[in-house]
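In the UniProt record's numbering, the protein residues as written are 1 to 410.
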């Protein structure tokens, strides 16, 4: 039996629309968003970058300025440069390529085509993202102390107080085993349309999400704090391959190659106004009563030209990053991948987000640990299970004491 969300959407939209004047609230938000996007383009025109940047050394020395923190909170994203040395990241890149080649990944991928349907409704082709989770470079990057230090800093940007105590421990991050992207020079097939993860139609229907976004739905989006963790760890996502069921304060990746504008790399809409905009846009009169601007269970929450053109005027490509740099974006920030890699370089990354210790994440980590020990795909993703018999995959012996704690295996 196919699940039909439309009756639930209709009923929920009617209740949400009755809570406030959604047209007036959205009009104020549109004006604020236009101003924020205008500021981004002015910054770029002056030769700057719309994406905040830090050096890992500043995090390590606790010398990040209050102004830099304010900018990250306002834009919802940051580049942290130099988390790893360039030579080390380039070695990881070579090791990933050798791991894929030695284990004949491409032949096996053809045999399992169609298992991963998460991005099937997005505008562009499915990107060349490899269903690999347990290579040694991925393990090494996740458990490195510099990575842990970076994630502690990012987690502490959040307010963690909740009605039953702290929502999470910002100082211990649990591993969320994600995949890797390897994009060839000249590729024009592997773009990824603008979207958000961590649920689609759940953003409106899930009771915990309704509590998170209560100020938005009550007509006071100005009071909404995207950095308030209360209720976020209680969110329940629609079960589906590749729908993240761990709470992530930030999504992110570690660069293995140099990449920037035109290089087939990451794009962001760098403003934390995006989520209120998306929520209120779906409640306007020109959207059908049983529709949430195309949001569907088990899919990414897409942002497209039909309903979100104004917001997408803020979509910018990240500036050039080097091997060993990391890029981070708030879980409610719109992101995409350029439609073409017009450079002469590969655009390769390891996906590593920030997923702090909490009850929700510990429950997932226990399931994930069993997948690691067996070499199976991470539980959130399609059960392709490539690495069960891969030579050279990481095992328990490759984990440091910190790595074991992060995997819930200490």
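Positions of the beta carbon are idealized from the N, C-alpha and C atoms, including for glycine. Keep in mind the model is a prediction, meaning the values are calculated, not measured.
Under the assumption that residue 69 contacts residue 283 (Cβ atoms under 8 Å), give the Cβ distance between them as a whole number of angstroms.
-> Indexing the chain shown from 1 puts residue 69 at position 69. Indexing the chain shown from 1 puts residue 283 at position 283. Between residue 283 and residue 69 the Cβ distance is about 32 Å, and since that is not below 8 Å, they are no contact.
Member of 65, 395, 333 and 136 whose CA lies at the smallest distance from the CA of residue 268 | Within the chain shown, residue 268 is the residue found at index 268, counting from 1. The option with the nearest alpha carbon to residue 268 is 333.
Below 6 Å CB to CB, which residues in the same chain sit around residue 121 once its five sequence neighbours on both sides are set aside?
-> Taking the first residue of the chain shown as position 1, residue 121 is located at position 121. Confidence in residue 121 is poor, its pLDDT being 48 and thus under 50, which makes the residue's placement unreliable; the coordinate value appears in the next sentence. Counting only Cβ-Cβ distances below 6 Å, and skipping sequence neighbours, we find 299.
How many Å lie between residue 221 and residue 359 at the Cα?
-> Locating residue 221 in the chain shown gives position 221, counting from the first residue. Locating residue 359 in the chain shown gives position 359, counting from the first residue. If you take the alpha carbons of residue 221 and residue 359, they lie about 29 Å apart.
Under three-state DSSP, which class holds residue 121?
-> Translated into the one-based positions of the chain shown, residue 121 becomes position 121. The predicted position of residue 121 is uncertain, since its pLDDT is 48 and thus under 50; a value taken from the coordinates is nonetheless stated next. DSSP places residue 121 in coil when its eight states are reduced to three.
So residue 183 is in the alpha helix (DSSP H); what residue range does that whole segment cover?
-> Translated into positions along the chain shown, residue 183 becomes position 183. Per DSSP, residue 183 belongs to no alpha helix (DSSP H); it is in the beta strand (DSSP E), 180-183.
Report the rounded CA-to-CA distance for residue 364 versus residue 46, giving the unit in angstroms.
-> Counting from one through the chain shown, the residue named residue 364 turns up at place 364. Counting from one through the chain shown, the residue named residue 46 turns up at place 46. So the two alpha carbons sit approximately 45 Å from each other.
Name, in chain order, the residues that DSSP records as bridge partners for residue 78.
-> For the purposes of this step, residue 78 is identified with residue 78 of the chain shown, where counting begins at 1. BP columns for residue 78 point to 328.
Assumed close pair residue 250, residue 329 - CB separation to whole angstroms, cut-off 8 Å = Taking the first residue of the chain shown as position 1, residue 250 is located at position 250. Taking the first residue of the chain shown as position 1, residue 329 is located at position 329. Confirmed, about 6 Å.
Bounding residues of the beta strand (DSSP E) (the contiguous stretch that carries residue 197) | As a position in the chain shown, residue 197 is number 197, starting the count at 1. First-last for residue 197: undefined, no H or E at that position.
Own chain residues within Cβ distance below 6 Å of residue 351, not counting five before or after = For the purposes of this step, residue 351 is taken as residue 351 along the chain shown, with counting starting at 1. The residues are 178, 179 and 253.
Roughly how many angstroms lie between the CA atoms of residue 264 and residue 163, to the nearest whole one?
-> Taking the chain shown and counting its residues from 1, one reaches residue 264 at position 264. Taking the chain shown and counting its residues from 1, one reaches residue 163 at position 163. Their backbone Cα atoms lie some 43 Å apart in a straight line.
Three-state secondary structure assigned by DSSP to residue 108 = Residue mapping note: residue 108 aligns to position 108 of the chain shown, counting from 1. Three-state result, residue 108: helix.
CA nearest to the CA of residue 259, picked from 327, 226 and 129 | As a position in the chain shown, residue 259 is number 259, starting the count at 1. Of 327, 226 and 129, the residue nearest in Cα terms is 327.
Can you give me the Cβ contacts of residue 154 inside the same chain, cut-off strictly under 7 Å, excluding the 5 residues immediately before and after it?
-> One-based indexing of the chain shown puts residue 154 at position 154. So the list reads 249, 250, 328 and 354, once near-sequence residues are dropped.
Use the C-beta contact count for residue 234: other C-beta atoms within 10 angstroms, 16 or more gives buried, fewer gives exposed.
-> Start at 1 with the first residue of the chain shown, and residue 234 comes out as number 234. Per the 10 Å Cβ criterion, buried.
Cβ contact (3+ pairs, closer than 8 Å) linking the segment 137-154 and the segment 390-404 = yes
Go through its chain and collect everything with a Cβ distance to residue 181's Cβ below 6 Å, but skip five positions before and after it.
-> To locate residue 181, count along the chain shown from 1; it is residue 181. 129 and 349.
What's the call for residue 135, buried or exposed, on a 16-neighbour Cβ count within 10 Å?
-> Here the question's residue 135 lines up with position 135 in the chain shown. Flag for residue 135 reads buried.
Chain-order list of residues whose beta-carbon lies under 7 Å from that of residue 103 (same chain, five-residue window excluded) = Your numbering for residue 103 matches position 103 in the chain shown. Once the five neighbours on either side are set aside, the close Cβ partners of residue 103 are 390 and 391.
CA-to-CA distance, residue 312 to residue 347, given in whole angstroms | One-based indexing of the chain shown puts residue 347 at position 347. One-based indexing of the chain shown puts residue 312 at position 312. Their Cα atoms are separated by approximately 23 Å.
Is the segment 317-325 close to the segment 156-174, with three or more CB pairs under 8 Å?
-> no
How about residue 194 and residue 336: do their beta carbons lie closer than 8 Å?
-> Mapped onto the chain shown, residue 194 falls at position 194. Mapped onto the chain shown, residue 336 falls at position 336. In contact: residue 194 and residue 336 (Cβ atoms closer than 8 Å).
May I ask which residues mark the beginning and end of the alpha helix (DSSP H) holding residue 139?
-> Residue mapping note: residue 139 aligns to position 139 of the chain shown, counting from 1. Unbroken alpha helix (DSSP H) run through residue 139: 136-143.
Please name the residue, chosen from 379, 304, 405 and 277, that lies closest to residue 27 on a Cα-to-Cα basis.
-> By one-based count along the chain shown, residue 27 stands at place 27. Closest by alpha carbon: 277.
By how many angstroms is the C-alpha of residue 228 removed from the C-alpha of residue 158?
-> On the chain shown, residue 158 is found 158 positions in, with the first residue counted as 1. On the chain shown, residue 228 is found 228 positions in, with the first residue counted as 1. Between residue 158 and residue 228, the C-alpha separation is close to 6 Å.
What are the partner residues of residue 163, as DSSP defines its beta bridges?
-> The residue given as residue 163 occupies position 163 in the chain shown. BP columns for residue 163 point to 165.
How many Å lie between residue 219 and residue 16 at the Cα?
-> Locating residue 219 in the chain shown gives position 219, counting from the first residue. Locating residue 16 in the chain shown gives position 16, counting from the first residue. Rounded to whole angstroms, residue 219 to residue 16 spans 10 Å at the Cα level.
Unbroken alpha helix (DSSP H) run spanning residue 210, endpoints | What you label residue 210 is simply residue 210 of the chain shown in a count that begins at 1. Run containing residue 210: 207-212, per the alpha helix (DSSP H) assignment.
Residues near residue 77 in its chain [Cβ-Cβ closer than 8 Å; skip 5 each side] | Numbered from 1 along the chain shown, position 77 holds the residue referred to as residue 77. Closer than 8 Å at Cβ, skipping near neighbours: 51, 52, 268, 270, 327, 328, 329, 330 and 333.
Who are the near neighbours of residue 367 in its chain, counting only those whose CB is closer than 6 Å to its CB and skipping five residues on each side?
-> For the purposes of this step, residue 367 is taken as residue 367 along the chain shown, with counting starting at 1. Around residue 367: 379.
Residue 201, enclosing alpha helix (DSSP H) - first and last residue | What you label residue 201 is simply residue 201 of the chain shown in a count that begins at 1. First-last for residue 201: undefined, no H or E at that position.
For the segment 341-388, which segments carrying the alpha helix (DSSP H) assignment without a break, of at least 4 residues, lie completely within its bounds, in sequence order?
-> 359-374
Would you kindly check if the distance between the Cβ of residue 394 and the Cβ of residue 139 is under 8 Å?
-> By one-based count along the chain shown, residue 139 stands at place 139. By one-based count along the chain shown, residue 394 stands at place 394. Contact flag set, yes.
Using DSSP bridges, identify the partner residues of residue 129.
-> On the chain shown, position 129 is the one that residue 129 refers to. In DSSP, residue 129 forms a bridge with 181.
When DSSP builds the beta bridges, which residues end up paired with residue 316?
-> Position 316 of the chain shown, counted from the start, is the residue given in the question as residue 316. Beta-bridge pairing links residue 316 to 268.
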